[in-house]
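What follows is a single structure, written as structure tokens, with notes after it.
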Amino acid sequence: ETGVTQTPRHLVMGMTNKKSLKCEQHLGHNAMYWYKQSAKKPLELMFVYSLEERVENNSVPSRFSPECPNSSHLFLHLHTLQPEDSALYLCASSPRTSGSDEQYFGPGTRLTVT
Amino acid sequence: ILNVEQSPQSLHVQEGDSTNFTCSFPSSNFYALHWYRWETAKSPEALFVMTLNGDEKKKGRISATLNTKEGYSYLYIKGSQPEDSATYLCALYSGGGADGLTFGKGTHLIIQP
């Protein structure tokens, strides 16, 4: 148990659906992250939030829309996805966005777009 | 785009043997180097965060070294046990306004009884 939870763990959605991924941490961390892992690729950073403000967006398509309503919760809203968006989506948190802080990861959501 | 390379991609080791693998990164973009262990069906778990050239860190049978001038880090496992089977990820934090980690593809370690 890392203290970071993600729901759902598995999600199958059609290309016209709208769904949301949820991440929650009660570690008192100020930074939260979304990562994507596609098959045979390294973990790719999607979004970084620090104190509920987005600080980095790695040129992610607009069909992925993050939301951070407070420092404990992070959402990833999905709409009109493509089959190539099928991947494992991991959430993480850290005390600060400083690179010297280790990150705590959730178990991930396995997303399949049909 | 930063390039973080890990080798080998996969590794089979006999139980009881020691092993090591490598993470290479551009030395000009260094701020911190992270190592994570990722067991199947679990969350990635932090092992070490290293920031200083020549740094050496240890956690039980696992240790890591860092050379920021030549751009590499080694992870060592002494006396491998079946529970060490996992994918080991390294990640570079380059600072300079960027706030995320750039990960390598990982080394997949299998310990054979």
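Same order as they appear, the protein sequences are chains A and B.
End of the first sequence sits at 108 in our numbering; the numbers just go up one at a time, nothing left out.
End of the second sequence sits at 274 in our numbering; the numbers just go up one at a time, nothing left out.
Backbone N, C-alpha and C fix where the C-beta goes; we use that ideal spot for every residue, glycine too.
Is any beta-carbon of chain A found at less than 9 Å from that of residue i?
| i | result |
| --- | --- |
| B/Tyr233 | no |
| B/Glu206 | yes |
| B/Gly267 | yes |
| B/Asn212 | Correcting the residue identity first, residue 212 of chain B is Thr in this sequence and not Asn. Closer than 9 Å to some Cβ of chain A, the Cβ of B/Thr212 qualifies, so yes. |
| B/His195 | yes |
Against chain B, with Cβ distances strictly below 9 Å, would residue i count as a contact?
| i | result |
| --- | --- |
| A/Pro89 | no |
| A/Thr111 | Outside the displayed span of chain A (-5 to 108) sits residue 111 of chain A, for which this structure offers no information. |
| A/Tyr27 | yes |
| A/Lys34 | yes |
| A/Asn64 | no |
Going by beta-carbon coordinates alone, are residue i and residue j separated by less than 9 Å?
| i | j | result |
| --- | --- | --- |
| A/Gln19 | A/Ser87 | yes |
| A/Leu72 | A/Phe58 | yes |
| B/Ser224 | B/Leu213 | no |
| B/Gly217 | B/Leu208 | Here the sequence assigns Glu to residue 217 of chain B, which means Gly is not the residue at that position. Contact flag unset, no. |
Going by CA-CA distance only, name the one from the options that's closest to residue i.
| i | options | result |
| --- | --- | --- |
| B/Phe186 | B/Thr263, B/Lys203, B/Leu270 and B/Gln273 | B/Thr263 |
| A/Arg3 | B/Pro243, B/Ala202 and B/Ser188 | B/Ala202 |
| A/Asp95 | B/Ala193, B/Asp216 and B/Cys184 | B/Ala193 |
| A/Tyr43 | A/Lys35, A/Pro36 and A/Leu70 | A/Leu70 |
| B/Glu166 | B/Pro274, B/Gln273 and B/Thr268 | B/Thr268 |
On the premise that residue j lies in contact with residue i, defined as a C-beta separation below 8 Å, what is that separation, rounded to the nearest angstrom?
| i | j | result |
| --- | --- | --- |
| B/Ser234 | B/Cys184 | 5 Å |
| A/Leu68 | A/Cys17 | 4 Å |
Decide if the region 170 to 182 of chain B is in contact with the region 41 to 57 of chain A; the criterion is three or more beta carbon pairs, one per stretch, under 8 Å apart.
no
Is it the case that the region 241 to 252 of chain B contacts the region 193 to 206 of chain B, given that we only count it when at least three CB pairs across the two stretches are under 8 Å?
yes
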